[in-house]
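Counting from 1 along the sequence shown, just add 59 to a position and that's the residue number in the working numbering.
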Amino acid sequence: MDREIEVDRTACERTPDAIRTALQRRPDWLQYFEQDWLSAAADFDRAELDRVVDKWFPFACACATPGYLDQVEQMAKRLAEGDTEGMVFWDAEGNAYDAENHPINVGPVTA
Numbered sequence: 060m061d062r063e064i065e066v067d068r069t070a071c072e073r074t075p076d077a078i079r080t081a082l083q084r085r086p087d088w089l090q091y092f093e094q095d096w097l098s099a100a101a102d103f104d105r106a107e108l109d110r111v112v113d114k115w116f117p118f119a120c121a122c123a124t125p126g127y128l129d130q131v132e133q134m135a136k137r138l139a140e141g142d143t144e145g146m147v148f149w150d151a152e153g154n155a156y157d158a159e160n161h162p163i164n165v166g167p168v169t170a
């Protein structure tokens with residue numbers, strides 16, 4: 060089983076320009092960011108502009124983290140094809156399960 064890549068929260072600056080640049084990896088996300096940003100800017104609402112940056116920053120970090128979106132897209136493709144071999148799914152408490160929802164022991168989790 061491959062090691063999962065985690066989003067690097069430092070992969071992108073928390074600025075509109077940096078977010079815009081990172082989101083170029085996903086044009087659909089970039090389009091929604093631009094809509095949100097222009098809507099807030101049209102009202103000259105600083106709090107709303109900050110909210111837009113806060114909303115889209117995690118998406119930008121996901122785009123800017125090398126390999127992260129490739130891994131997510133590959134996993135989505137495998138799931139769509141019904142290929143769950145070796146996949147591990149986690150619940151909110153950190154318990155591991157296989158694709159049939161059977162608990163599994165994957166050993167200690169290390170960051």
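Ideal placement from N, C-alpha and C gives every residue a C-beta, glycine not left out.
| Item | Value |
| --- | --- |
| Quick check on the burial criterion: 16 or more other C-beta atoms within 10 angstroms. Buried or exposed for Asp67? | exposed |
| Which two residues bound the contiguous alpha helix (DSSP H) that contains Val131? | Tyr127 to Ala139 |
| Measure the beta-carbon distance from Ile64 to Cys71 and round it to whole angstroms, keeping in mind my assumption that it falls under 8 Å. | Not a contact, Cβ separation roughly 15 Å. |
| Do the stretch 131-145 and the stretch 83-101 make contact, defined as three or more Cβ pairs closer than 8 Å? | no |
| Can you tell me whether Val147 is buried or exposed? The criterion is at least 16 other CB atoms within 10 Å of its CB, across all chains shown. | exposed |
| Mind checking whether Leu108 and Phe92 have CB atoms under 7 Å apart? | no |
| Quick one, are the C-beta atoms of Ala121 and Tyr127 less than 7 Å apart? | yes |
| Among the residues of its own chain, which have a CB less than 8 Å from the CB of Lys114, if the five just before and after it don't count? | Asp95 |
| Label Met60 either buried or exposed according to how many other C-beta atoms from any shown protein chain fall within 10 Å of its C-beta, with 16 as the threshold for buried. | Because the pLDDT of Met60 is 41, which lies under 50, any placement of that residue in the model is unreliable, and the question is left without a value. |
| Return helix, strand or coil for Ala158, following the three-state DSSP convention. | coil |
| Kindly indicate which residue of Val112, Gln130 and Pro86 has the alpha-carbon position closest to the one of Asp76. | Val112 |
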